[in-house]
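All remarks here apply to the structure that follows.
Number of protein chains: 2
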Amino acid sequence: MMRIALIGFGSVGQGLAAILRDKHAELRDRYSFTPTLTAVVTRSRGALLHPDGLDPAALLAAVKAGRLDHYPDTPGLVRGLDALAAAASPHGDVLVEASPTDLTTAQPALGVCYTALDAGKHVVLANKGPVAVAYPDLMARAAARGRRVLFEATVMAGTPSIRLAVEALAGCTVSRVRGIINGTTNHMLTQMEAGRSYDDVLAESQRLGYAESDPSGDVDGWDAAGKLIILSNALFGRAPTLTQMHVEGIRGLTPADLAQAAAEGARWKLIAEATPDGASVRPAKVALDHPLAGVGGTQNAVTFSTDLMGDVTLVGAGAGSVQTGFAILSDLLALHRAANG
Amino acid sequence: MMRIALIGFGSVGQGLAAILRDKHAELRDRYSFTPTLTAVVTRSRGALLHPDGLDPAALLAAVKAGRLDHYPDTPGLVRGLDALAAAASPHGDVLVEASPTDLTTAQPALGVCYTALDAGKHVVLANKGPVAVAYPDLMARAAARGRRVLFEATVMAGTPSIRLAVEALAGCTVSRVRGIINGTTNHMLTQMEAGRSYDDVLAESQRLGYAESDPSGDVDGWDAAGKLIILSNALFGRAPTLTQMHVEGIRGLTPADLAQAAAEGARWKLIAEATPDGASVRPAKVALDHPLAGVGGTQNAVTFSTDLMGDVTLVGAGAGSVQTGFAILSDLLALHRAANG
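Just so you know, the sequences run in chain order A and B. Heads up: the first sequence begins at 239 in my numbering, then just goes up one per residue. Heads up: the second sequence begins at 239 in my numbering, then just goes up one per residue.
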């Protein structure tokens, strides 16, 4: 049994809980893997801990009813603990951090991660903050404790960009990564190609839940930049900070720009690109026969340029509750494989 | 030190040797990994074994001069052993099988693999035969001996299609795999789109070394079918045999067919597709905005359709000496990781 303390129970945490509810038998039978949620902590909707495990279906029902307080009483259940208490608790092998991202301070999640590592837990991140802001410190602390920090969920949801770069392409030297790693802006650009205005498409994206009420994280390129810093750290062992890189979003693009690109046999895409020497996020015209040009809607894609394999491109979902939940599951399975050979 | 017995020293074996020559320090420093060739066996160009390891640069120089007999004499060097002797030898931890593929009997490679497993070696395959013809038996024998059989090199060279399917997407249920997994025919179709005839393009592909003098393995779909059987086994644990599936190549396609597809906003591609219930290889018209339509030249691509992640597509090189050599390296590194946590 792998005991999991989960911080954050929004879309991603609920996606993970739904997978654990639906795949319990499959994971046990195929991988001898029995992940169990022992703690779930939210900032404003309550918190629960049970040393023997919480029922994912009951957790989902409780939060659907408004708060985790609706979870049924059982002997041994503890209510109301905070994230640091869950991170320090002995009733967990892995801390999953899925609270909202802060790309400036990474707090409070970063402190929670350190506490979990110090308590002997592995850390799995969906929150981009800690690994975008403090990658070297986090990895050093994990190494000192003999624990691992995994973060597949922070880039391209469950499309395994990190695992491809770090494990499957191990032995290659990657000289560049380039891709479309923000689904909201890619969806907006795809819609704008039909001639619709930026404002119109943004309003619709906000209605559909693809964009937030303050859309700046997506449309000004900050979300892509945070993910690019993570990719750069994973690939090159170093990365610029947000203030050291060129970050430009899609606000300046008009339907006329997009029409002109189409006339030239090209498409505007928000392209994130990193090498060992630097990184940038900016709109770029991509020729229609380029692999990234065909990546439409909320899809994401990254191309790794390598010494031995040339270019290797991965295309898949870049967001979503279940998709990001799967990314966490894939990290948990990797920890399970490493522990069980 | 991981000691490797290599069977076959053609393009793929030489690609592996070149990587081991060039990446010795990098592999040691980054992964604490020191792979060493202790035996190299060819059918008609000699064979060598040295318990302390053979020098990759000297091996490449010897075979460039015509035969492994040109490798310099050193104390302890054994010459002239055969593949079964190398497989049974105590001077190896892993057998790498890179001799030519036989999709009908898989011999003599299959017997060599069994001998290696019985002698306690892991097996890494570039040869498609054993894993296309005898997957269940091979895996059962490996499990009984506590050894592993890896085969990333058999599909899409070093583009990590097997590792993506089996490891990175573990936890998802894959319901279908669909892709372009023969580079020769994809190159020919790309050339034919410029209006050139099948015969003209085939003759040129043969001159360039993309197609063999008997091109049937590529142009009639058998190479793709063999790879599809391997993918199907890896994904679904079962696969049809060559005679149980529809296998159709590109001989019937004319420049007029390709021009008509272009007029319809589509492209002909040789599509391999498998589900748990069956598999086929056949030419299909693919809409230009489909991810597989943009895969040109000798590139390959596969799309995995999954329950949690939707479609995940991987695009990269499908062949090449260094690229296939890298696939073998990636399997060796996976064995190294598993042995060293």
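Just so you know, even glycine gets a beta-carbon here, dropped at the ideal spot from N, CA and C. Just so it is clear, the structure is predicted and the values come from calculations on it, not from any experiment.
- When 7 Å is used as the limit between beta carbons, Cys410/A is near these residues of chain B: Phe564, in chain order.
- A straight-line Cα-Cα distance of about 30 Å links Ala504/A and Gln561/A.
- Separation of Gln429/B and Leu440/B (C-alpha to C-alpha, rounded to the nearest whole angstrom) is 10 Å.
- Under the DSSP assignment, Ala501/B falls in the alpha helix (DSSP H) whose first and last residues are Pro493 to Ala501.
- Thr342/A has its alpha-carbon roughly 26 Å from the corresponding atom of Arg401/A.
- A Cβ-Cβ separation of about 10 Å leaves Ala324/B out of contact with Ile242/B under the 8 Å criterion.
- Annotation: Cβ neighbours of Met547/A in chain B (cutoff 7 Å, chain order): Gly396, Thr397, Gly554, Ala555, Gln561 and Phe564.
- Using a CB distance below 7 Å, the part of the segment 520–541 of chain B facing chain A consists of Asp527, Pro529 and Gly532, ordered along the chain.
- In the structure shown, Lys507/A falls within a strand segment according to DSSP collapsed to helix, strand and coil.
- Residue state for Thr536/A is assigned as coil, using DSSP reduced to three classes.
- Distance from the Cα of Val334/B is smallest, within the candidate group Val350/B, Pro521/B, Val550/B and Ala408/B, for Val350/B.
- Taking C-beta atoms under 8 Å as the contact rule, Arg383/B and Leu355/B qualify, at a distance of about 5 Å.
- Look at Val387/B: its C-beta is not under 9 Å from any C-beta on chain A.
- Residue contact with chain A for Ile257/B: present (Cβ-Cβ distance below 9 Å to some residue of chain A).
- Interface with chain A (9 Å Cβ-Cβ cutoff): Leu446/B is excluded.
- Counting C-beta atoms within 10 angstroms of its own C-beta, Gln482/A has fewer than 16 neighbours from the protein chains shown and is therefore classed as exposed.
- Residue contact check for Val457/B against chain A: no CB pair falls below 9 Å.
- Judged by DSSP in its simplified three-state form, Pro529/A adopts helix.
- In the pairwise beta carbon analysis, the segment 370–390 of chain B is classified as not touching the segment 493–513 of chain B: fewer than three pairs are separated by under 8 Å.
- By the Cβ criterion, the segment 460–478 of chain B is in contact with the segment 515–524 of chain B, since at least three pairs of Cβ atoms, one from each stretch, lie closer than 8 Å.
- Rounded to the nearest whole angstrom, the CA to CA distance from Glu264/B to Gly314/B is 28 Å.
- Rounded to whole angstroms, Ala303/B and Arg259/B show a C-alpha spacing of 18 Å.
- Around the beta-carbon of Gln498/B, fewer than 16 other beta-carbon atoms lie within 10 Å, marking it exposed.
- Non-local beta-carbon contacts of Gly535/B in its own chain, meaning distances under 6 Å to residues more than five positions away in sequence, involve His425 and Thr428 in chain order.
- Take Asn471/B, set aside five residues on each side of it, and the residues of its chain with a beta-carbon closer than 6 Å to its own are Tyr373 and Ala477, in chain order.
- Uninterrupted beta strand (DSSP E) stretches at least 3 residues long and entirely within the segment 340–414 of chain A occur at 360–363, given in chain order.
- Look at the beta carbons and you see the segment 548–555 of chain B touching the segment 541–556 of chain A: at least three pairs across the two are nearer than 8 Å.
- DSSP lists no beta-bridge partner residue for Lys261/A.
- Any Cβ of chain B closer than 9 Å to the Cβ of Val250/A would place that residue at the interface, and such an atom is absent.
- Within chain A, the C-beta atoms nearer than 8 Å to that of Leu407/B come from Pro398 and Ser568, in chain order.
- Within 10 angstroms of the beta-carbon of Asn420/A lie 16 or more other beta-carbons, which makes it buried.
- Residue pairing by DSSP places Ala522/A opposite Lys507/A in a beta bridge.
- Inter-residue distance for Arg489/B and Leu496/B is about 13 Å (C-alpha atoms, whole angstroms).
- The Cβ atoms of Thr397/B and Asn365/B do not sit closer than 9 Å to each other.
- Contact between the segment 447–460 of chain A and the segment 561–575 of chain A is absent: fewer than 3 CB-CB pairs across the two stretches fall below 8 Å.
- Excluding the 5 residues flanking it on each side, Ser337/A has same chain C-beta neighbours closer than 6 Å at Ile245, Gly246, Ala347 and Asn365, in chain order.
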